[in-house]
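Peer 1:
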Amino acid sequence: MRPAIRDHRRDPRDDLISHLISRGCTAAEILGECLGGGAASAAALSFGGGPHRCPGAGIAILETDVLPSRLFAIDGVRTAPPRVTFNNDIGGYEIRGLRISLA
Ligand code: HEM
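Position 11 (the sequence shown) corresponds to 258 in the numbering used here; numbering is contiguous.
1) Hey, out of 311, 343, 334 and 333, whose CA is closest to residue 326's CA?
2) Quick one, what's near ligand 1 if you take every residue whose CB is closer than 6 Å to any heavy atom, in chain order?
3) Since residue 294 and residue 304 are thought to touch, with beta carbons under 8 Å apart, how far apart are those beta carbons, to the nearest angstrom?
4) Is DSSP giving residue 303 helix, strand or coil here?
5) Considering just the uninterrupted stretch of the beta strand (DSSP E) at residue 260, what are its terminal residues?
6) Have a look at residue 333 and residue 350 and give me their C-alpha separation to the nearest angstrom.
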């Protein structure tokens, strides 16, 4: 994720990562946002709706934020640049190939 964020800082694009950088978000916040479905609209789709809407949505979103924040705070944790694409069907971002290693 960090190399992808560096690329976006050098070469801003019309996408979520560049938008979050312009808002001053940290790398962990950007990853959490991407992994969490990318946008509130996508999160809404992920957790259903109506009377049976997922009651665990808040916990799930918190977990998605806490895990990468804690993980990337560990010394020596490295990532390879992931592939970030926009999925029109869900109106959200997808991350593929996010490899995490410990140096
Ligand atoms: C990323 C994580 C999660 C996703 C994507 C997810 C997604 C969903 C979806 C799509 C539904 C069906 C909603 C509907 O029918 O409209 C659902 C229902 C439910 N979820 Fe989750 N969920 C997640 C995490 C959790 C967690 C952490 C809990 C509990 C701590 C939880 C508890 C429930 C329960 C009890 C229901 C049934 C609600 C009902 O039938 O009234 N979920 N979830």
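Backbone N, C-alpha and C fix where the C-beta goes; we use that ideal spot for every residue, glycine too.
These figures come from a predicted structure and were not determined experimentally.
Peer 2: Taking the coordinates as given:
1) 343
2) 293, 294, 295, 296, 297, 299, 300, 301, 302, 303, 306 and 307
3) 4 Å
4) coil
5) Segment: none, residue 260 is in no beta strand (DSSP E) and carries neither H nor E.
6) 31 Å
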